[in-house]
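Trainee: Chains as they are written, first to last, in the numbering used here: chain A, 529 to 738; chain B, 309 to 628.
In this text, a Cβ means the ideal position worked out from N, Cα and C, and glycines have one as well.
As the structure is a computational prediction, the values presented were derived from the model and not from experiment.
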Amino acid sequence: MDVLRFYAANSREVLGLLGEHLVLVLVSTTIAVAIGVPLGILLTRRPGWRRPILGFANVCQTIPSLALFGFLIPLPFIGGVGARTAIVALVVYALLPIVRNTYTGIVSVDPAVRESGRGMGMTDRELLVMVELPLAAGVIFSGIRVATVIGVGVATIAAAVGAGGLGVYIFRGVSVVDDTLILAGALPAALLALAADGLLGLVERRFAWR
Amino acid sequence: MALNNERGLARDGSGGRVERASERPRACSTRPPLLRLSLVALVTLSSCARGDRIVVGAKNFTESDLLAEIVAQQLERRTGLPVGRKLHLGGTFVCDRAIKSGDIDLYVEYTGTAYTAVLNHSPGPSADSVYQAVSEEYSRHWGLVWTAPFGFNNTFAIAVRQTAADSLGLRTISDLARIAPQWKAGFGYEFLNRADGFTGLATTYGLKFSAPPTAMDLGLTYRALAEGQVDVIAGNSTDGQLEALHLVALEDDRHYFPPYEAAPVVRGAVLERHPAVQRALAELAGKIDDAEMRRLNALADVEHRDLREIARDWLARTLP
Chain A
529 MDVLRFYAAN
539 SREVLGLLGE
549 HLVLVLVSTT
559 IAVAIGVPLG
569 ILLTRRPGWR
579 RPILGFANVC
589 QTIPSLALFG
599 FLIPLPFIGG
609 VGARTAIVAL
619 VVYALLPIVR
629 NTYTGIVSVD
639 PAVRESGRGM
649 GMTDRELLVM
659 VELPLAAGVI
669 FSGIRVATVI
679 GVGVATIAAA
689 VGAGGLGVYI
699 FRGVSVVDDT
709 LILAGALPAA
719 LLALAADGLL
729 GLVERRFAWR
Chain B
309 MALNNERGLA
319 RDGSGGRVER
329 ASERPRACST
339 RPPLLRLSLV
349 ALVTLSSCAR
359 GDRIVVGAKN
369 FTESDLLAEI
379 VAQQLERRTG
389 LPVGRKLHLG
399 GTFVCDRAIK
409 SGDIDLYVEY
419 TGTAYTAVLN
429 HSPGPSADSV
439 YQAVSEEYSR
449 HWGLVWTAPF
459 GFNNTFAIAV
469 RQTAADSLGL
479 RTISDLARIA
489 PQWKAGFGYE
499 FLNRADGFTG
509 LATTYGLKFS
519 APPTAMDLGL
529 TYRALAEGQV
539 DVIAGNSTDG
549 QLEALHLVAL
559 EDDRHYFPPY
569 EAAPVVRGAV
579 LERHPAVQRA
589 LAELAGKIDD
599 AEMRRLNALA
609 DVEHRDLREI
619 ARDWLARTLP
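1. In chain order, what residues of the stretch 525-555 of chain B put their CB closer than 8 Å to some CB of chain A?
2. Determine, for F534 of chain A, whether the minimum Cβ-Cβ distance to residues of chain B falls below 8 Å.
3. Locate the alpha helix (DSSP H) running through L604 of chain B, then write down its first and last residues.
4. Going along chain B in order, which residues have a C-beta closer than 9 Å to the C-beta of L594 of chain A?
5. Shorter than 8 Å from the beta carbon of T522 of chain B to some beta carbon of chain A?
6. Are A570 of chain B and A606 of chain B close, meaning C-beta to C-beta below 8 Å?
7. What are the uninterrupted segments assigned as alpha helix (DSSP H) that are 4 or more residues long and contained completely in the stretch 507-538 of chain B, given in chain order?
8. May I ask you to report which of helix, strand or coil DSSP gives Y564 of chain B?
9. Sorry if obvious, but does the Cβ on D597 of chain B come closer than 7 Å to a heavy atom of the ligand ADP?
10. Over the uninterrupted beta strand (DSSP E) stretch that includes N544 of chain B, give me the two end residues.
11. Would you say P604 of chain A faces chain B, with C-beta separation under 8 Å as the test?
12. Considering only residues of the stretch 645-716 of chain A, which uninterrupted alpha helix (DSSP H) runs meet the minimum length of 4 residues and lie entirely inside it, listed in chain order?
13. Is the beta carbon of A560 of chain A sitting closer than 8 Å to the one on L623 of chain A?
14. What are the partner residues of E559 of chain B, as DSSP defines its beta bridges?
15. Are the beta-carbon atoms belonging to D597 of chain B and G392 of chain B less than 8 Å from one another?
16. The beta strand (DSSP E) that contains R393 of chain B, what's its start and end?
17. Indicate whether at least one CB of chain B lies closer than 8 Å to the CB of V704 of chain A.
18. Please decide whether E559 of chain B counts as near chain A, where near means a Cβ-Cβ distance under 8 Å.
19. Would you mind working out which of B:R620, B:V556, B:D504 and B:Y513 sits nearest I481 of chain B, comparing C-alpha positions?
20. Name the chain B residues that come within less than 7 Å of F699 of chain A, Cβ to Cβ?
21. Run down chain B in chain order and give the residues with a C-beta less than 7 Å from the C-beta of V609 of chain A.
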């Protein structure tokens with residue numbers, strides 16, 4: 529209940545941080561999709577690249593966020609202190625589920641379907657756009673869904689590098705021994721994750737109907 | 309303490325059966341009468357589960373880990389009790405919770421931090437009165453005992469790059485206030501939100517930066533300052549990194565910060581059960597001054613030596 533009182537007294541700040549949080553997640557997930565989906569498609573065309581690239585995405589997932597920030601701060605263009613560094617880190621963390629699901633989705637398309645496409649004289653490009661991607665869309669989308677939900681949670685770490693977001697309350701609460709502050713950050717982040725999951729779940733079901 | 313009392317009371321209540329039970333090697337089987345329920349049982353059980361092991365905690369930075377290791381080894385050497393370590397816990401918050409719940413038996417706290425962050429007093433008074441105030445209140449509220457301080461003061465170091473300090477002739481925080489409007493600051497969350505943190509400092513010195521200070525992880529502020537991403541940070545004065553990264557601390561010429569003397573905080577019950585712990589800790593009193601603490605921190609952070617080894621060497625040399 530202290531949390532509600534806190535929100536009433538700080539509504540502007542809460543909304544501001546919530547907005548920052550949403551922007552961090554949206555921008556980073558969009559970039560991760562823009563990189564991850566083509567990368568996943570590439571892996572289905574170049575099987576030799578599968579192990580090194582998925583291995584790299586796996587390794588990225590294990591880098592502690594503070595260490596990653598430490599590496600990024602001195603770098604020009606993608607580093608520094610603020611939202612840019614946080615977004616780079618969030619993209620790195622979002623890549624794995626997107627790349628992996630894109631690859632898996634396309635690879636698990638029924639070979640008979642693919643063959644019949646080829647039999648109809650489709651080029652590789654046509655096969656990809658007209659057969660494989662539509663059939664794999666559900667799996668690809670569920671990868672994006674997982675990446676988004678994880679992103680909502682991980683974005684709280686952006687507060688460690690001056691990028692704001694709901695993590696600000698969590699960091700502040702931890703540093704001054706205040707449960708209310710921690711909850712004030714953790715609660716909306718959790719609700720946001722649920723909302724994102726629910727919303728993307730609805731979209732996913734539409735894919736499934738096709 | 310609670311354990312002994314309870315066993316005594318239980319004996320009065322239900323006679324020989326319990327008495328025999330308590331003579332068995334595992335006193336856990338002692339059953340107090342129904343009156344004293346969950347809390348007592350919990351205390352008894354947890355004491356039994358841990359036996360005589362002393363658990364030393366530490367906050368999540370090098371100095372705290374290192375001091376905890378020194379304390380732990382000193383207890384092992386002098387008392388012969390088994391000593392567990394729960395190091396690098398998530399800051400004041402977690403250590404404070406852990407010692408109050410009995411998950412750890414002692415950790416090293418700083419007087420100014422306890423005074424302002426835990427007890428919520430506003431900063432100000434002199435060294436002696438802060439130590440006295442915290443030890444009195446800790447003992448009264450939570451049965452926690454402040455033993456004698458190590459002898460150094462780890463205050464906030466308002467730090468700038470050495471090159472900037474030299475070229476602009478910065479020596480004190482008052483000097484900084486003159487040029488602050490052209491500078492950017494990056495501070496840890498703790499410093500930005502503590503009662504003895506940035507707000508009071510800004511008021512005391514009339515500090516105003518070009519933008520509101522960037523809030524970020526404390527460890528990352530050092531790197532951000534060294535890389536020129538920010539111009540001012542608030543580090544720790546005994547930190548080994550300051551010198552290594554060519555950073556310099558400005559003097560608190562208006563004496564804004566309270567003293568931050570490091571001392572072990574111990575659960576009173578442990579001291580009563582094991583008087584040897586008190587004696588072992590007393591030997592550490594006043595043995596580490598500011599320069600010595602900086603040197604020890606640098607051994608760990610700059611030379612990357614193993615904490616256990618640093619602690620062992622230091623104890624062997626200082627308290628043979």
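Mentor: In terms of the structure at hand:
1. Against chain A - using a Cβ distance shorter than 8 Å - the residues of the stretch 525-555 of chain B are D525, G527, L528, R531, A532, E535, Q537 and V538.
2. No, F534 of chain A lies away from the interface with chain B (no Cβ there is under 8 Å from its Cβ).
3. Residues D598 to D609.
4. Within 9 Å Cβ-Cβ: D525, G527 and L528.
5. Yes, its Cβ sits closer than 8 Å to a Cβ of chain A.
6. Taking 8 Å as the Cβ cut-off, A570 of chain B and A606 of chain B do not qualify as a contacting pair.
7. Positions of the alpha helix (DSSP H) runs, each at least 4 residues long and wholly inside the stretch 507-538 of chain B, are given as 526-534 in order along the chain.
8. Y564 of chain B falls in the coil class under three-state DSSP.
9. Although the ligand ADP was asked about, the structure shown includes no ligands whatsoever.
10. From DSSP, the beta strand (DSSP E) with N544 of chain B extends over I541 to N544.
11. Judged by the 8 Å Cβ criterion, P604 of chain A is not in contact with chain B.
12. Residue ranges of uninterrupted alpha helix (DSSP H) with 4 or more members, entirely inside the stretch 645-716 of chain A and ordered along the chain, are 661-682 and 695-703.
13. Here A560 of chain A is near L623 of chain A, since their CB atoms are less than 8 Å apart.
14. According to DSSP, which records beta bridges pairwise, E559 of chain B is partnered with B:T480.
15. No; because the gap between Cβ atoms is not below 8 Å, this pair is not in contact.
16. Counting along the chain, the beta strand (DSSP E) containing R393 of chain B begins and ends at V391 to L397.
17. Interface flag for V704 of chain A against chain B is set, since a Cβ pair is found closer than 8 Å.
18. Chain A, which has no Cβ nearer than 8 Å to the Cβ of E559 of chain B, makes this no.
19. Closest by alpha carbon: B:Y513.
20. Per Cβ cutoff of 7 Å: Y497.
21. Here the neighbours are G494, T522, M524, A532, Q537 and V538.
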